[in-house]
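Visitor:
Number of protein chains: 4
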Amino acid sequence: MRDVQSEQDKRNIAIDKVGINSLSWPIQVLDRSNGVQETIAKVSLSVFLPRDYRGTHMSRFIEVLSEQEKQVTFHNMENLLRMLQERLDADEAHVDFDFPYFITKKAPVSGALGRMRYDVRFIAERKGCKFDLITELTAPVQTLCPCSKEISVHGAHNQRAHIKISTRMKTFVWIEELAEIADACASAPVYSILKREDEKAVTEKAYANPRFVEDSVRELAIAMERDDRIMWYSLSVTSHESIHNHDAFASIERSKI
Amino acid sequence: MRDVQSEQDKRNIAIDKVGINSLSWPIQVLDRSNGVQETIAKVSLSVFLPRDYRGTHMSRFIEVLSEQEKQVTFHNMENLLRMLQERLDADEAHVDFDFPYFITKKAPVSGALGRMRYDVRFIAERKGCKFDLITELTAPVQTLCPCSKEISVHGAHNQRAHIKISTRMKTFVWIEELAEIADACASAPVYSILKREDEKAVTEKAYANPRFVEDSVRELAIAMERDDRIMWYSLSVTSHESIHNHDAFASIERSKI
Amino acid sequence: MRDVQSEQDKRNIAIDKVGINSLSWPIQVLDRSNGVQETIAKVSLSVFLPRDYRGTHMSRFIEVLSEQEKQVTFHNMENLLRMLQERLDADEAHVDFDFPYFITKKAPVSGALGRMRYDVRFIAERKGCKFDLITELTAPVQTLCPCSKEISVHGAHNQRAHIKISTRMKTFVWIEELAEIADACASAPVYSILKREDEKAVTEKAYANPRFVEDSVRELAIAMERDDRIMWYSLSVTSHESIHNHDAFASIERSKI
Amino acid sequence: MRDVQSEQDKRNIAIDKVGINSLSWPIQVLDRSNGVQETIAKVSLSVFLPRDYRGTHMSRFIEVLSEQEKQVTFHNMENLLRMLQERLDADEAHVDFDFPYFITKKAPVSGALGRMRYDVRFIAERKGCKFDLITELTAPVQTLCPCSKEISVHGAHNQRAHIKISTRMKTFVWIEELAEIADACASAPVYSILKREDEKAVTEKAYANPRFVEDSVRELAIAMERDDRIMWYSLSVTSHESIHNHDAFASIERSKI
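Here the protein sequences come in this chain order: D, C, B and H.
When the count follows the working numbering, it moves up by one through the first sequence with no breaks and lands on 472 for the last residue.
When the count follows the working numbering, it moves up by one through the second sequence with no breaks and lands on 472 for the last residue.
When the count follows the working numbering, it moves up by one through the third sequence with no breaks and lands on 472 for the last residue.
When the count follows the working numbering, it moves up by one through the fourth sequence with no breaks and lands on 472 for the last residue.
(1) With respect to the beta strand (DSSP E) encompassing residue 251 of chain D, which residues constitute its N-terminal and C-terminal limits?
(2) DSSP state of residue 470 of chain D, grouped into three classes?
(3) Return the bridge partner residues of residue 373 of chain D from the DSSP annotation.
(4) By alpha-carbon positions, which one of C:365, C:453, C:244 and C:231 ends up nearest to residue 436 of chain B?
(5) Can you pull the chain D residues whose beta carbon is under 9 Å from the beta carbon of residue 407 of chain C, in chain order?
(6) Measure the C-alpha to C-alpha separation of residue 375 of chain B and residue 371 of chain H and round it to an integer number of angstroms.
(7) Applying a beta-carbon distance threshold of less than 9 Å, which residues of chain B neighbour residue 220 of chain C?
(8) So with CB distances below 7 Å, who are the chain H contacts of residue 195 of chain C?
(9) If we cut at 8 Å on Cβ distances, does residue 384 of chain B have a partner in chain C?
(10) Using a Cβ-Cβ cutoff of less than 6 Å, which residues in the same chain neighbour residue 400 of chain B once the five nearest sequence positions on both sides are dropped?
(11) Can the beta-carbon of residue 448 of chain C be found less than 8 Å from the beta-carbon of residue 366 of chain C?
(12) Output, in chain order, the set of chain D residues within a Cβ distance shorter than 9 Å of residue 216 of chain B.
(13) Quick check on residue 234 of chain C - is its C-beta less than 8 Å from some C-beta in chain H?
(14) Would you say residue 286 of chain C lies against chain A (beta-carbon separation less than 8 Å)?
(15) What number of angstroms, rounded off, separates the C-alpha of residue 420 of chain B from the C-alpha of residue 425 of chain H?
(16) What's the C-alpha gap between residue 356 of chain B and residue 461 of chain H?
(17) By the criterion of Cβ-Cβ separation under 9 Å, what are the contact partners of residue 281 of chain H in chain C?
(18) Could you give the distance in angstroms between the alpha-carbon of residue 417 of chain C and the alpha-carbon of residue 271 of chain H?
(19) Assuming residue 310 of chain B is part of the beta strand (DSSP E), what are its boundary residues?
(20) Taking residue 452 of chain D as part of the alpha helix (DSSP H), name the residues at either end of that continuous run.
(21) Which of the three DSSP states, helix, strand or coil, is assigned to residue 418 of chain C?
(22) Taking Cβ-Cβ distances shorter than 7 Å, what residues in chain B pair up with residue 351 of chain H?
(23) I'd like the list of long-range same chain contacts for residue 388 of chain D, defined as Cβ closer than 6 Å, with 5 residues on each side in sequence excluded.
(24) Check each residue of the segment 376-402 of chain D: if its Cβ is closer than 8 Å to any Cβ of chain B, include it; give the result in chain order.
(25) Tell me the rounded alpha-carbon separation between residue 283 of chain C and residue 256 of chain H.
(26) Using a Cβ-Cβ distance under 8 Å, would residue 322 of chain C count as near chain D?
(27) Within the 8 Å Cβ cut-off, does residue 277 of chain C reach chain H?
(28) Return the residue from the list D:294, D:410 and D:397 that minimises the CA-CA distance to residue 450 of chain D.
(29) Does the beta-carbon of residue 216 of chain B have 16 or more other beta-carbons within 10 angstroms, so that it is buried, or is it exposed?
(30) How many angstroms separate the CA atom of residue 245 of chain H from the CA atom of residue 263 of chain H?
(31) Less than 8 Å between the C-beta atoms of residue 329 of chain H and residue 342 of chain H, yes or no?
(32) Can you tell me whether residue 179 of chain B is buried or exposed? The criterion is at least 16 other CB atoms within 10 Å of its CB, across all chains shown.
(33) Give me whichever residues DSSP pairs with residue 329 of chain C in a beta bridge.
(34) Relative to the C-alpha of residue 239 of chain B, which residue among D:414, D:406 and D:412 is closest?
(35) Quick check on DSSP: helix, strand or coil for residue 393 of chain D?
(36) Does any residue of chain B bring its CB to less than 8 Å from the CB of residue 355 of chain H?
Here is the structure:
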């Protein structure tokens, strides 16, 4: 059978990325408490295509993924990229894994345990021998408005918010550590199970700790600057304002090198 | 050219609905303040297909829609269905228009005007000569938790929530009236523009007016029972809990006849 | 602390459903080939609330879910509902689990194995002692248009399509069996890995087997009628038309009793 | 009332972007055939916040948007940014408008007219006096696989695909021109209304014109290089493969200066 993809292309245009995306795939990731955790990723895999090839071989992306051990980690990501480079005969390979990640959290007073969903993303590439990995966490939290608290006789508007922390790490940082940073930089964490005594504690904590999106994103930046394992970060905080039908957001990106 | 769709089908199975959906289409709808409003609907159009026909003629759905006046209203919906019945030679026709709808709201103290998005849906069908229309509004509002207020020294968790009101009407009710009912049954309305004095008023209003999803849905049911123009309703309230990563909801459906 | 939820309500309105939704939760489900499969569900849990109670106790829903064995199956669903009825002191309980489910499929010629994602939903309720369960599969498939094939000199438009099969079962049917029915009623199945010889086979199979959404939904109805384990079904086929920017769909619902 | 936002911040951290997003807002855009077109945008508005301010004034973003003329165009975008800089006392302002845009297309044989939805995005910023604008079009098209055609006795898999063209323009290019480029670089355009004679023409056109995502993205790059009004482009083509449950994609980004 003719191999149309391998034919020469005369258009003289290299392609930055060619591959597959919107692939749903079960993976295992490292879990600080339980060793590993089963989850399901939305996956993108691609390579650089030189100007003289007409196409890439799409089925090989999934073959490489299938042959890999099931675990997708900070540690073996470079190996996956190397295999993609080899099998697709490519100078550059890029992968993106986006998946839910569950952390068991303890309610602040009752100690009730409940699993809570975070979203994590590994965005990695290897150009020649140069490897790059971004680890990203999206965490649900609560923010309470300092202005609303200051000007109102009682109460203050508060809401679910999302903190996104993207990092390039010098040395390994647990997803759980990023989640703890997110919790510490909001007005209060959110939980799966709260008994009445917990609800009281969380309500009062948020009220005692009002934060604009501007405050949260700056607290996150301070935490990133302090952590020597982090060498680059991009941060955003988005509050799903309870008094509006739109969101408030703030973002900061910095390289420490 | 052979008309495959018109051929006889021997499988002896009638099809409840056959047609098109996920069609994006610009329409005009009635607006209490401005006469009409331009918007863009996600549209579904379908007919009943008798057991002896192999297929329907899909292009005719869009032809009928294109030939229609641009307005899609409570008043001309039956006519659209009648045209679908005729052109597709069908006993039954069904349509579904789902679209954003903007209402200009006045901030409670400053009077600042801001447009706010609601979502509206018309779900209609005509079986023989029997016409049925459901009008549905989804409104963003604020809910503040009565339990959190009661047990906490200061503050109370509150959040954006969504109220959905589906109705079968005996006589015409404006979308704006349904939106006012939604606002009145929440802890406080939400707005596009709030100056500081407005933010204070809305914060204090919500704190003075705590409502569980159970409270809101019951207040909605009372409003529906009182309104003689409404003959059937289905209600839901969903709070995007600011202390959790999941939502709380309550729903009620009743026929008044 | 005051228990606001347990207070008496004077509005005299019962609430059909009150509970939580949009909860993300890891579960295990039965897998015909591997015993069990780890997955992540979007969960809704609710109860009926009588007219004289102000509210339900939202945290108990997640407590019941946490205490349950991790498996969510056709077999233990009623037990989960019974526990919800007991713990929330409710006449009726309702649950909805919506999750990705992976089936390893073999490419038709090369035999290459690849996991493919389906979506499955369990919608169950228990009213008093009366238990009801709907099992729903959404399967990606390929449809090829009979009209386009008939009238064109070469080729025929084809596209990814989705088949949804909802059933009430008298006796247990594997998810894998529903997926096989979906594949058999389309123009061709879809796969994760196809080598060149497979791509040829799948292309030719679809061309040899053209099907309108009307054809597919009727083939599905025939399969449902033949299977004595099925007592009620609701079917839909949606083709993401490659020549249009909208979809074509057909649906049938029948009870066999 | 205390103005918490205007207070001094001691954390010494400037914020790249602070503002609002997920705002739904009706706008008018320029339409080559009809002068203007009403549509509804998802809007993001933000500014740079210097290190010494605690927060921005969120309500002013919507005030500026409300006071603007309703039209959002290539021509008045800089003025909107200038107003945001002034009213929020900011060195930099950023806006993002993402909206459906309808183009009336003529079926290739019957000439039947049907409106079809595209998605357009204006991403603009002004840093000091330096203005930058990216115009982005997402167009649905059809792609037919050259490999499948080559190796199969009959037929070839084809599917709906999406072409995304992002550009920085030296001089104005109509959205309609970008849509024509997208259509020309696919296997065939897609339409809202196709009569049987049109369906035959489109089917045969796609079969005569097979294109991998790699082919389409290169054809797009050639068109961009040829057009002197374009000074930078970022292109992607994504095929929703009819034989798979995942997508194939290719992307190229180039600056011509």
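We put the CB at the ideal spot given by N, CA and C, even for glycine.
Guide: Let's see:
(1) 250-264
(2) strand
(3) D:359
(4) C:231
(5) 459, 460 and 461
(6) 13 Å
(7) 361, 362, 427 and 429
(8) This structure cannot settle anything about residue 195 of chain C, because the visible part of chain C is limited to 216 through 472.
(9) no
(10) 431, 434 and 435
(11) no
(12) 411, 412 and 415
(13) no
(14) Within the model displayed, chain A is absent; protein chains D, C, B and H are what it includes.
(15) 19 Å
(16) 12 Å
(17) 327, 328, 329, 330, 407 and 408
(18) 20 Å
(19) 307-321
(20) Run containing residue 452 of chain D: none in the alpha helix (DSSP H); it sits in the beta strand (DSSP E), 445-454.
(21) helix
(22) By Cβ distance, chain B contributes nothing, its closest Cβ being about 18 Å from residue 351 of chain H, past 7 Å.
(23) 444
(24) none
(25) 26 Å
(26) no
(27) yes
(28) D:397
(29) exposed
(30) 29 Å
(31) no
(32) Missing from the structure shown is residue 179 of chain B; chain B here goes from 216 to 472 and no further.
(33) C:320
(34) D:406
(35) helix
(36) yes
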